[in-house]
Amino acid sequence: IGGAFALAGGGLGVYYAAAKRDTAGRIGFDSALAVPPLAGSAPGEAGSRVFTLGLRSGETAFKEGAATRTWGVNGAYLGPTVRARRGEEVAFAVRNELDQETSLHWHGMHLPAAMDGGPHQTVAPGGTWEPRWRIDQQAATLWYHPHVHGATGDHTYRGLTGLFIVDDDATDALNLPSEYGVDDIPMIVQDRAFDRDNQFEERIPLAGSLGVIGDEILVNGTLGPYFDVTTGLVRLRLLNGSNARLYNFGFSDDRAFSLVATDGGLLAEPWETDRLHLSPGERAEIVVAFEPGETVDLRSYPSPEYGGASGRLDGFADLLDICRFRAADTLSDDTEVPAVLGAAPDLAAEAVAQERSFVLASDRINDRSMAMDRIDFGVREGTVEVWEVTNDNGYLHNFHVHDVQFQVLTVDGETPPPHLRGWKDTVMVAQGRRYRLAMRFGGHTDPNMPYMYHCHLLQHEDDGMMGQFVVLGEGEEVGAVPAAHDHA
Ligand code: C2O
Ligand code: CU
Numbered sequence: 014i015g016g017a018f019a020l021a022g023g024g025l026g027v028y029y030a031a032a033k034r035d036t037a038g039r040i041g042f043d044s045a046l047a048v049p050p051l052a053g054s055a056p057g058e059a060g061s062r063v064f065t066l067g068l069r070s071g072e073t074a075f076k077e078g079a080a081t082r083t084w085g086v087n088g089a090y091l092g093p094t095v096r097a098r099r100g101e102e103v104a105f106a107v108r109n110e111l112d113q114e115t116s117l118h119w120h121g122m123h124l125p126a127a128m129d130g131g132p133h134q135t136v137a138p139g140g141t142w143e144p145r146w147r148i149d150q151q152a153a154t155l156w157y158h159p160h161v162h163g164a165t166g167d168h169t170y171r172g173l174t175g176l177f178i179v180d181d182d183a184t185d186a187l188n189l190p191s192e193y194g195v196d197d198i199p200m201i202v203q204d205r206a207f208d209r210d211n212q213f214e215e216r217i218p219l220a221g222s223l224g225v226i227g228d229e230i231l232v233n234g235t236l237g238p239y240f241d242v243t244t245g246l247v248r249l250r251l252l253n254g255s256n257a258r259l260y261n262f263g264f265s266d267d268r269a270f271s272l273v274a275t276d277g278g279l280l281a282e283p284w285e286t287d288r289l290h291l292s293p294g295e296r297a298e299i300v301v302a303f304e305p306g307e308t309v310d311l312r313s314y315p316s317p318e319y320g321g322a323s324g325r326l327d328g329f330a331d332l333l334d335i336c337r338f339r340a341a342d343t344l345s346d347d348t349e350v351p352a353v354l355g356a357a358p359d360l361a362a363e364a365v366a367q368e369r370s371f372v373l374a375s376d377r378i379n380d381r382s383m384a385m386d387r388i389d390f391g392v393r394e395g396t397v398e399v400w401e402v403t404n405d406n407g408y409l410h411n412f413h414v415h416d417v418q419f420q421v422l423t424v425d426g427e428t429p430p431p432h433l434r435g436w437k438d439t440v441m442v443a444q445g446r447r448y449r450l451a452m453r454f455g456g457h458t459d460p461n462m463p464y465m466y467h468c469h470l471l472q473h474e475d476d477g478m479m480g481q482f483v484v485l486g487e488g489e490e491v492g493a494v495p496a497a498h499d500h501a
């Protein structure tokens, strides 16, 4: 059915994508990789910086022929990279210039629930939302995207996504590659399905309702990108910004690279690997070494670990080209990958105030579907909890918790693999597996305004695989979500 799709029906709204399953070698790599601009800011009250982010619609020329109708932040597709330092007070004017309600959530950020940009902080068309908070976490690659209940997938897919980089002194002192756009490269990796008129197809979930999986890969909005390398070491800040697709990143010559940071910031020490899995919403900072004059491609490989070879439509089955790196004939560099990076997560020995278990199955968590007015539980400020997350049906899921970074204590009772030993806010939860996550709550309490936890396969989230918790101060009890917010 080449490029077209057919409705499978059955009330599931399941469509089957034209299956061009192997895209490696199909891509020309003839567009220079776009690098999102850094967001500008204006001085605000009390030494704060104010960023203005306009959410708008536009048109983007991704390929030959018609332009694609897209959404973007301060532009037609994607948004600028927000950068701020630990300790800094940031403020935003989030202006909704679209014709429908949306929101902007700061994924991975530790901040008051009312500033989180989740489904209770929607912005009406024409409205402006003005969150502000003090950055109180270590350097990390975070990101922002919409979070309207039931429409997070569509709104994110259309392009309202950007990076939010937190900097701090400890990370600056390390001499990692850090010149933005030169040897420190943001890479927002997204799959997209285009129809014959070059428009995004939003409704092509594969069998099993993973949601939309496209067969063309954009990096920072560039289809078939190349990047001209000028330094011997390059840091890539990888974001899996896809709605459902999983990536198993690696290079075409199987070279090793160093994983230096995960969702919440630096690992204790670099991990050398030649493959790295990322599920939707997860980030990784890797450092790659290049030789003068060489060309090598970043790809996503079928995953032996997660059944990519089994023929299941699980998003790990495809061999995909992502980006070509073309090294100059002479490479300058004075950066290095230090043997010691940050502090390891330290929650394993803490007293556990509460254990909870979360079973992911059939678009529900613990057999409950998300309800805007139901707070599922409250956690106590200053305490450490252990959440045990299991995937109890055949589909792939992952698990994301707002407000905190967590430590993966065990996977099926075993020590987690090296790429799960740093701070995480999103973790892939493969079928049948059991993950124990430790997290410390506190800093901001509000008995009435919840944070979310959910599967970050956005179709699952929109279908209800999400719940809400509040962080309680001393003596506080779980309250009630205030009636619909309108920040216009
Ligand atoms: Cu990236 Cu609750 O989301
Ligand atoms: Cu899921």
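Under the UniProt record's numbering, think of the first position of the sequence shown as 14, with each following residue one higher. A virtual CB, placed ideally from N, CA and C, is assigned to each residue, including glycine.
Buried or exposed for residue i, going by 16 or more other Cβ atoms inside 10 Å?
{"i": "V365", "result": "exposed"}
{"i": "M385", "result": "exposed"}
{"i": "E110", "result": "exposed"}
{"i": "Q113", "result": "exposed"}
{"i": "G294", "result": "buried"}
{"i": "R381", "result": "exposed"}
{"i": "D475", "result": "buried"}
{"i": "G163", "result": "exposed"}
{"i": "A186", "result": "exposed"}
{"i": "V484", "result": "buried"}
{"i": "D287", "result": "exposed"}
{"i": "V301", "result": "buried"}
{"i": "P358", "result": "buried"}
{"i": "T343", "result": "exposed"}
Could you give the DSSP three-state label for residue i: helix, strand or coil?
{"i": "R288", "result": "coil"}
{"i": "E394", "result": "coil"}
{"i": "M128", "result": "helix"}
{"i": "T81", "result": "strand"}
{"i": "D405", "result": "coil"}
{"i": "A302", "result": "strand"}
{"i": "D359", "result": "coil"}
{"i": "G175", "result": "strand"}
{"i": "T439", "result": "strand"}
{"i": "V484", "result": "strand"}
{"i": "P431", "result": "helix"}
{"i": "Q113", "result": "coil"}
{"i": "A183", "result": "helix"}
{"i": "Q203", "result": "strand"}
{"i": "G278", "result": "strand"}
{"i": "L422", "result": "strand"}
{"i": "H160", "result": "coil"}
{"i": "H469", "result": "coil"}
{"i": "H168", "result": "helix"}
{"i": "A59", "result": "helix"}
{"i": "E474", "result": "helix"}
{"i": "T135", "result": "coil"}
Am I right that residue i and residue j are in contact with their C-beta atoms under 8 angstroms? What's the rounded C-beta distance?
{"i": "H157", "j": "H118", "result": "Correcting the residue type first, residue 157 is Tyr in the shown sequence and not His. Y157 to H118, Cβ: 6 angstroms. Contact."}
{"i": "L354", "j": "A257", "result": "Actually they do not touch by this definition, with Cβ atoms about 31 angstroms apart."}
{"i": "T165", "j": "L471", "result": "5 angstroms"}
{"i": "L68", "j": "L173", "result": "6 angstroms"}
{"i": "L422", "j": "V399", "result": "7 angstroms"}
{"i": "G175", "j": "M465", "result": "About 19 angstroms; that fails the 8 angstroms criterion."}
{"i": "S70", "j": "W84", "result": "5 angstroms"}
{"i": "S292", "j": "M441", "result": "4 angstroms"}
{"i": "I178", "j": "R99", "result": "So it is not a contact: roughly 11 angstroms between Cβ atoms."}
Near residue i, which residues of its chain fall below 6 angstroms by C-beta distance, leaving aside the five closest residues on each side in sequence?
{"i": "residue 515", "result": "Beyond the ends of the chain as shown, which are 14 and 501, falls residue 515; an answer cannot be given."}
{"i": "E143", "result": "A106"}
{"i": "E307", "result": "A340"}
Only counting the same chain, and skipping five residues up and downstream in sequence, which positions put a Cβ closer than 8 angstroms to that of residue i?
{"i": "A45", "result": "T235, P238, Y239, F240 and D241"}
{"i": "G38", "result": "D334"}
Within the present structure, is the beta-carbon of residue i separated from the nearest heavy atom of the ligand MG by less than 8 angstroms?
{"i": "Y90", "result": "You won't find the ligand MG in this model; what it holds is the ligand C2O and the ligand CU."}
Which same chain residues, not among the five before or five after residue i, have their C-beta less than 7 angstroms away from its C-beta?
{"i": "G486", "result": "E394 and T458"}
{"i": "A74", "result": "A80"}
{"i": "P138", "result": "N109, L111, D112, Q113 and E114"}
{"i": "D167", "result": "E215"}
{"i": "P495", "result": "N461"}
{"i": "G263", "result": "D287, R288, R312 and Y314"}
Of all the CB atoms in chain B, is at least one closer than 9 angstroms to the CB of residue i?
{"i": "E349", "result": "Given the protein chain composition of this structure (a single chain), no chain B is represented."}
Residues with a Cβ closer than 5 angstroms to any heavy atom of the ligand C2O, in chain order?
H120, G294 and M465
Of all residues in the structure, which have a C-beta closer than 7 angstroms to any heavy atom of the ligand CU, taken in chain order?
L373, Y408, L409, H410, N411, C468, L470, H473 and M478
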